[in-house]
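In this text, residue positions in the sequence shown follow the working numbering: the first is 602, and each later residue adds one.
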Amino acid sequence: GFGWRVLGFIIDSILLGIVTQIVAGVLGLTVMIDTILARYLRDLEIWVETPGADPPMPGTELWTALFYSAVLGATIMAVYRTVLYGTLSATLGQLALGMRVVKAGAPADSKLDWTTAVVRGIASAVLYEAIWLINGLFAAFTREKQTLGDMIAKTHVLKIR
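And the structure:
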């Protein structure tokens with residue numbers, strides 16, 4: 602069901618958020634974004650105290666840093682999902698809730714092949730980064746309870762326990 606999938610996604614998001622923050626910190630991305638945002642907030646404070654001035658707009662360096670952050674998050678999510686789909690046929694959040702990803706029409710105890718794992722892992726990561734909740738909402742409103750990533754990879758998520 603949709604609720605179990607949402608809960609699995611929340612568990613995975615917490616795990617991925619922790620890993621992404623650690624990697625972003627190691628790469629210096631967190632400090633870069635914090636520095637740029639602090640400078641922008643200072644500019645906003647000055648603007649508030651300056652009557653008639655045009656409001657400051659974020660510079661390209663902020664958008665570039667946020668883009669790098671999005672690419673980092675999508676890459677980590679794609680690797681995480683691909684490796685776990687290819688080895689366990691489920692993410693850690695799905696495993697914790699007794700779910701499994703299978704090829705459409707395959708038995709519940711079958712394993713995903715690596716091609717399907719790669720397609721689903723990358724498609725899901727890109728779709729969640731690009732359109733976030735819209736991808737997941739497909740599981741609530743489609744007949745087969747599939748996300749767009751499931752449809753692309755021709756997979757289903759099953760509750761096995």
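Positions of the beta carbon are idealized from the N, C-alpha and C atoms, including for glycine.
Three-state secondary structure assigned by DSSP to residue 744: As a position in the sequence shown, residue 744 is number 143, starting the count at 1. Note: residue 744 maps to coil in three-state DSSP.
Report yes or no: do three or more beta-carbon pairs, one from the stretch 741-749 and one from the stretch 677-691, lie closer than 8 Å? No: the two stretches stay apart, fewer than three of their Cβ pairs being nearer than 8 Å.
Using 8 Å as the cut-off, can you tell me whether the stretch 712-732 makes contact with the stretch 618-631, which would need three or more C-beta pairs spanning the two stretches below that distance? Verdict: no, contact absent.
From residue 651 to residue 641, what distance separates their C-alpha atoms? In the sequence shown, residue 651 corresponds to position 50, counting from 1. In the sequence shown, residue 641 corresponds to position 40, counting from 1. Distance between the alpha carbons of residue 651 and residue 641 is about 15 Å.
Residue 658, DSSP secondary structure in three states: One-based indexing of the sequence shown puts residue 658 at position 57. It is coil, neither helix nor strand.
To which residues does DSSP link residue 702 through a beta bridge? Here residue 702 refers to the residue found at position 101 when the sequence shown is read from its first residue. Residue 702 pairs with 758.
Through-space distance from residue 738 to residue 604, alpha-carbon basis: What you label residue 604 is simply residue 3 of the sequence shown in a count that begins at 1. What you label residue 738 is simply residue 137 of the sequence shown in a count that begins at 1. Going from the Cα of residue 604 to the Cα of residue 738 covers about 11 Å.
Among 608, 719 and 708, which residue has its Cα nearest to the Cα of residue 679? As a working note, residue 679 is residue 78 in the sequence shown. If we check each option's Cα against that of residue 679, 719 comes out closest.
Just to confirm before moving on: does the CB-CB distance between residue 747 and residue 609 stay below 8 Å? By one-based count along the sequence shown, residue 747 stands at place 146. By one-based count along the sequence shown, residue 609 stands at place 8. In this structure, residue 747 sits away from residue 609, with a CB-CB distance that is not shorter than 8 Å.
Hey, how far is the Cα of residue 663 from the Cα of residue 638? Working through the sequence shown from its first residue, we reach residue 663 at position 62. Working through the sequence shown from its first residue, we reach residue 638 at position 37. In a straight line, the C-alpha of residue 663 is about 7 Å away from that of residue 638.
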